[in-house]
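Undergrad: 473 is the number that UniProt numbering gives to position 473 of the sequence shown; each next residue is one higher, with no gaps.
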Amino acid sequence: MSGEAELAFAVLEQSPMAVAVVELDGQTITATNANFETLAPGTKAQGRSILEWIHADDHPLLRNLVGPTSGVSGREQKCEMRIGRRPDGPWRWMLVAATVLPVNETGARRRALFYFIDIHTQKSHELLESERARRWNYALVSSGLGVWDHDYRRQEYFYSQTWRAMRGYASTGATPFASTEQWLQLVHPDDRDFVAHAIERQKAGDLKYMNFEYRERHCDGHWIWIECRGDAVEYFPDNRPSRIIGTDQDVTDRKDAEALLAHTRQRLEMALTTSRIGVFEHDRATGTVYADSRICEIYGFDDQPESFDIQRVFDLVHPEDLKRAAAGSTGLAPGGAPASSEFRIHRENDGSLRHIRHLVRLHIGEDGQETIVGINWDVTEEVRLRQDLVTAKQLAEARNFELDRAKSDIEYAALHDYLTALPNRRFLEDELERRVSIAAASDVNVGLLQIDIDDFKGINSAYGHGAGDRVLSHSAQTLLDLSKHNDFVARMGGDEFAMIISYDGGCDRLEQTAKRIQLELAKPVVLDDGRVRLSASIGIATLESEGAGGAAAMLRDSDHALKQAKSKGAGQIAFYTPGIRFSDAVDRKPSDRLMQAIDQSEFVPFYQPQYDAETLDIRGIETLARWRQADGSFSEPSSFIPLAQSLNIMNMIDASILSQALEDHRRWREDGLAPPRLSLNLSPHRLSDPALVPELQRTELPAGTLTFELLESIFLDQQDDVSAYNLKQIRRLGINIDVDDFGTGYTSITGLLKVAPNGLKIARELVMPLPRSYDQRAIVKSIVDIGKTLNIKVIAEGVETRQHARILTELGCDALQGYWLARPMPADAMEMLLRRKMAEASA
């Protein structure tokens, strides 16, 4: 080292900095060792590589100072690094400046001059502050608080990464607004005015507006709730804040939870208000009850106290229920199931008796205080309804008993003859079908006897209908007396009876029974005006004789045999043979004549009025078919319906009658004469006619004007698809359905409910004996009661006398029809009657 250099180093050793000359390979040529010892005790620089006393983490900084890109002669480079002893330190922070020295001789090694200034204390403070700032930043980030800094003096605005992230902004870069006005456009319209006002008040130094909540639009488009908190940290000379620093927090989840809680609370309050449920808390220690207004309303506390003693409630409890009311609040276990009870009270204000339901649970607070939390609600109406239901149930059971009894009466009447109490034809057909089925699976034979009382019409004419009825009753009893336990006796109708006999072996028993019947009937019968002897014609058919035809064939064959017996004279017996059927074949001439009558429109409607039972006003007319003969007379249906049914042309007759009746009704309607309703009989054949509904759809009758009367059997028998469809469409067209000849079939109560007819027509057979039979009146009364229960109008036909009309009216029938009121009449006579009634009504 030259003298000048030594002098310079001597001077430098007196300065507060250390100096070293270092070759670029790192070897220290010379250094102010005393200075190094002062700055970093124990550090010997001279003669050592600089890398040994520079902290390893700072070696890259050293290389940057004198590296190829930085080591330009005469240029000074600076950085901060640590120097000290190795390996145990201590290390001290130094400000290091390096200048690459120029090379004077060719081939000389390049060197750098290093200056080391102690900045350890200052650097330590900086690192400590940096660590503190880092901890605060971690706390802010982890708490979700976004920091903002508004320096109005310098017009500088800072927003932290968390502040940006909660709004969906990028962590760096410009915000999507350049001014407060632009930012306000991102605030929810409902909050915008308030936020703008709050910002102005903040700038004015109003501390009340430093904290507030508002909604702001997120980058994704949805709204988020922000809780803003700020404070002024610097002020203008006029004490207005010049710098405000604060935090924002996304409180959307909290606000949603608050909204849900508020909504739930509102719903609960609405539910309590609607249900009139009162809520209370009962302090067990003090006996104090804290209650809402509904509790006060329930107990009639007009003063609406917020709290009261429990004894005030017990004073209102019915004496009989005190124990039950008190038990509802005792014996409760913490966290156990709620206890409930029901008791009566007399309200405090009006003394009215109310039924209260009580539900409570025991709650124990952190301080051990026991509180009973519960609800009360008034169940008076519920209790009354329950009592009413019990009463209604008892009444319904009693009514059902009456209906069941009426049903049994009707079902019995449907299967039995009203005069003789014998099974009727329908019952006979069912029983014969059953016997034939049994016989098919066994060796038992079945025989059928048809018995006809000879010259019964002569007895009626000579002695009267009353005597005729006694003869029929006597004949029925005779047949019952002669029958064995397994025989079946029935009345077919009129003066005809039948007996089913199941037997083994030959048919001798059938003939013997027939002869015994004739002998017993031949014994004198005492009548009012004398005595008569009866004779009977009997036709017999067996299951063997009819082949494979079954029950229906047996009925037909026994009928043929009966005709054969009667053709031989009174008191004869005839067994069926195939030859009888041939001789009794249908004469074709009546069939041809019937078809000709249809072609020549000889079937015309007759009308019979139906009268209101109370007022005797015409409430409807029934349409009946008549056959106009060449001599001007009219044949009744009984003379042509059986043949028409056998020829399957009944629907053609029905169609003709319906068409004419609708035309007559249209004409009467135009003249203002039309009765309230027009009813027609509808046969099963006509019901299954596909042309029926289209024809009805072309009519212009108002709904409810037209009524179809259908026999009970139509509802009982299995319907084909066309019949079922037609019946459904008839109802849709507003056409009423009445059950005709009710009481002669087997319609059950459930069957009526299913059919839901508009009216029931009580059969003539049930009406005729009313004047002399109280049992028959009971049956008719049952039918009327069922009709009223099911809201079905009841019409009685066969009203032949004034006595009939009086009895039926007393029994509650709605309408009457029969010869005593009016006989069936042609259209012109019906029109005259309607005009006369209209004139009488307007007089």
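All C-beta atoms in this analysis are idealised placements derived from N, C-alpha and C, irrespective of residue type, glycine included.
Note that the coordinates shown come from a computational prediction; the quantities given were computed from them, not determined experimentally.
Counting beta carbon pairs with one atom in the segment 778 to 787 and one in the segment 806 to 815, are three or more of them shorter than 8 Å?
TA: Segments in contact, yes.
Undergrad: Helix, strand or coil for residue 818 per DSSP?
TA: Looking at residue 818 - three-state DSSP - the assignment turns out to be coil, as it is neither helix nor strand.
Undergrad: Grab me the residues of residue 568's own chain with a C-beta within less than 6 Å of its C-beta, minus the 5 sequence neighbours each way, in chain order.
TA: So the list is empty, once near-sequence residues are dropped.
Undergrad: In the DSSP output, what is residue 500 paired with across the bridge?
TA: Answer is 448, 488, bridged to residue 500.
Undergrad: At 4 residues or longer, what runs of the alpha helix (DSSP H) sit wholly inside the segment 123 to 197?
TA: Within the segment 123 to 197, the complete alpha helix (DSSP H) runs of at least 4 residues are 161 to 167, 180 to 184.
Undergrad: Rounded to whole angstroms, what's the CA-CA distance from residue 833 to residue 817? Just pull it up for me.
TA: Taking the straight line from one Cα to the other gives about 15 Å.
Undergrad: My output table needs one value for residue 584: the three-state DSSP class, helix, strand or coil.
TA: In this prediction, residue 584 has a pLDDT of 46, which is less than 50 and means its spatial position is unreliable; nothing more can be read from the coordinates.
Undergrad: Just to confirm the assignment, what range does the beta strand (DSSP E) spanning residue 362 have?
TA: Element bounds for residue 362: 353 to 364.
Undergrad: With three or more beta-carbon pairs closer than 8 Å as the criterion, would you say the segment 211 to 227 touches the segment 176 to 190?
TA: Result yes; three or more Cβ-Cβ pairs closer than 8 Å.
Undergrad: Determine whether the beta carbon atoms of residue 534 and residue 446 lie at a separation below 8 Å.
TA: No. Outside cutoff.
Undergrad: Do residue 436 and residue 551 come within 8 Å of each other at the CB atom, strictly closer than that value?
TA: Yes, they are a contact pair.
Undergrad: For the segment 281 to 334, which segments carrying the beta strand (DSSP E) assignment without a break, of at least 3 residues, lie completely within its bounds, in sequence order?
TA: Whole beta strand (DSSP E) segments, 3+ residues: 288 to 291, 307 to 309.
Undergrad: Can you confirm whether the segment 309 to 322 touches the segment 277 to 294 when touching is taken to mean that 3 or more C-beta pairs between the two stretches lie within less than 8 Å?
TA: The segment 277 to 294, when compared against the segment 309 to 322, does touch it at the 8 Å Cβ threshold.
Undergrad: On the criterion of 16 or more Cβ atoms from any shown chain inside 10 Å, does residue 742 qualify as buried, or is it exposed?
TA: With 16 or more other Cβ atoms within 10 Å, it is buried.
Undergrad: Looking at the strands, I want to know which residues DSSP matches up with residue 225.
TA: In the DSSP output, where bridge partners are listed per residue, residue 225 has 215.
Undergrad: My output table needs one value for residue 21: the three-state DSSP class, helix, strand or coil.
TA: Strand.
Undergrad: Taking the alpha-carbon positions, what's the residue 791 to residue 403 distance?
TA: Looking at the two C-alpha atoms, the distance is approximately 14 Å.
Undergrad: Kindly indicate which three-state DSSP category residue 705 falls into: helix, strand or coil?
TA: Of the three classes helix, strand and coil, the one that applies to residue 705 here is coil, per DSSP.
Undergrad: Looking only at its own chain, which residues have a Cβ that is under 7 Å from the Cβ of residue 803, when we skip the five neighbours before and after it?
TA: The answer, listed in chain order, is 771.
Undergrad: Closest by CA to residue 252, which one among 234, 226, 276, 425?
TA: The residue with the shortest Cα to Cα distance from residue 252 is 226.
Undergrad: Check whether the segment 238 to 249 and the segment 193 to 209 touch, using three or more Cβ-Cβ pairs below 8 Å as the test.
TA: Touching, yes, given that three or more Cβ pairs across the two stretches are closer than 8 Å.
Undergrad: Are the CB atoms of residue 374 and residue 359 within a distance shorter than 8 Å?
TA: Closer than 8 Å, so yes.
Undergrad: With three or more C-beta pairs closer than 8 Å as the rule, is the segment 507 to 524 touching the segment 411 to 431?
TA: Too few Cβ pairs lie closer than 8 Å, so no.
Undergrad: Would you list the residues sitting across from residue 595 in a DSSP beta bridge?
TA: Per DSSP, none; premise fails for residue 595.
Undergrad: Taking the straight line between their C-alpha atoms, what separation do you get for residue 124 and residue 209?
TA: Cα to Cα, residue 124 sits roughly 40 Å from residue 209.
Undergrad: How long is the line joining the alpha carbons of residue 606 and residue 647, rounded to whole angstroms?
TA: Cα to Cα, the separation comes out at about 23 Å.
Undergrad: On the DSSP letters alone, give me the boundaries of the alpha helix (DSSP H) that residue 685 sits inside.
TA: Counting along the chain, the alpha helix (DSSP H) containing residue 685 begins and ends at 684 to 687.
Undergrad: With distances taken Cα to Cα, identify the nearest neighbour of residue 54 among 507, 180, 94, 24.
TA: Checked all of 507, 180, 94, 24; the closest Cα to residue 54 is 94.
Undergrad: Taking residue 491 as the reference, give the member of 594, 475, 766, 158 with the closest Cα.
TA: Here the closest residue by C-alpha is 475.
Undergrad: Alpha carbon to alpha carbon, how far is residue 339 from residue 361?
TA: Whole-angstrom Cα-Cα distance: 6 Å.
Undergrad: Since residue 66 and residue 98 are thought to touch, with beta carbons under 8 Å apart, how far apart are those beta carbons, to the nearest angstrom?
TA: That pair is a contact at about 6 Å.
Undergrad: Rounded C-beta distance between residue 677 and residue 734? I'm assuming under 8 Å.
TA: The Cβ separation is near 11 Å, so there is no contact.
Undergrad: Just list the alpha helix (DSSP H) runs in the segment 384 to 441, keeping only unbroken ones of 4 residues or longer that don't cross its boundaries, in chain order.
TA: Complete alpha helix (DSSP H) runs here, min 4: 425 to 440.
Undergrad: Can you tell me whether residue 798 is helix, strand or coil according to DSSP?
TA: Residue 798: coil per DSSP, three-state reduction.
Undergrad: Quick one: what's got a C-beta closer than 8 Å to residue 558's C-beta in the same chain, skipping five residues either side?
TA: Counting only Cβ-Cβ distances below 8 Å, and skipping sequence neighbours, we find 448, 449, 450, 498, 539, 540, 541, 576.
Undergrad: Report the three-state DSSP secondary structure of residue 483 (helix, strand or coil).
TA: Three-state DSSP puts residue 483 in coil, outside helix and strand.
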